[in-house]
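In the numbering used here, the protein residues as written are 50 to 306.
Every residue gets a Cβ at the ideal spot worked out from N, C-alpha and C, and that includes glycine.
Here the structure is laid out as structure tokens; the discussion comes afterwards.
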């Protein structure tokens, strides 16, 4: 049996790479030697990130089929790692008052966006000797909470997509992992959810002793991508120590100062 080791440059695509978990993940994979395609809607941000890490910037809106097709064209015939990170929450109204347009928007980016990108890049993933798909889910895909109906429904949908894809690719050298973070303090997630209301966004994290940050999730992605090709991490749930469960969050000091 041949012991030759491939010298091909490893490539990765990270969607939603303009900020937060996506940008941190692109940096982490680049530090591990990947050439990273930084994909997001905000061209200026992904261009700056790509220049910083020696990657490639691609303007991409995962809700636009033509934009996703252009991403696939930019990547070319072979891809080692796909990180479906683009997502988001919009609104926090209860079911009785929710705007269906917000729910549709969440489903489009969190579920259909993953579908579009995965479909477009699967031929390139299959062309690699061993490939990996990482879907960034959420603990909201494992539980529910008042005011979170639309977001939890979307992330439950993503969880189902991840599980189904793994079954459908069984027997092929393509691994499928879902990483489901709990509370992550980023600059934009809560702010976008509350329509730019900074006080409401800040209140989410008030008095929480060390919530997760984007780099924590990025490290989880980097670790999964570093594992031997025969090892698949089906699901990885990570939370801050302060968050014992979706419904139980400690506010107040935990760690000694």
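Only residues of its own chain outside the window of five on either side were considered, and among them 87, 105, 106 have a CB closer than 6 Å to the CB of residue 99, listed in chain order. By the beta-carbon neighbour count (other beta carbons within 10 angstroms, threshold 16), residue 194 is exposed. Counting the other CB atoms within 10 Å of its CB gives residue 143 a total below 16, which places it among the exposed residues.
The region 177–192 and the region 287–299 touch, with no fewer than 3 CB-CB distances between them shorter than 8 Å. Between residue 273 and residue 262, the gap from beta carbon to beta carbon reaches 8 Å or more. Assignment of residue 227 by DSSP, reduced to helix, strand and coil, places it in the strand class.
According to the DSSP assignment, residue 284 belongs to the beta strand (DSSP E) that extends over 284–287.
Taking C-alpha positions only, residue 284 is separated from residue 295 by approximately 16 Å. Between residue 151 and residue 82, the C-beta spacing is not below 8 Å. By the neighbour-count criterion, in which 16 or more other beta carbons inside 10 Å mark a residue as buried, residue 275 falls on the exposed side.
Per DSSP, reduced to three states, the secondary structure at residue 133 is strand. Between residue 270 and residue 228 the beta-carbon gap is near 6 Å, inside 8 Å, which marks them as a contact.
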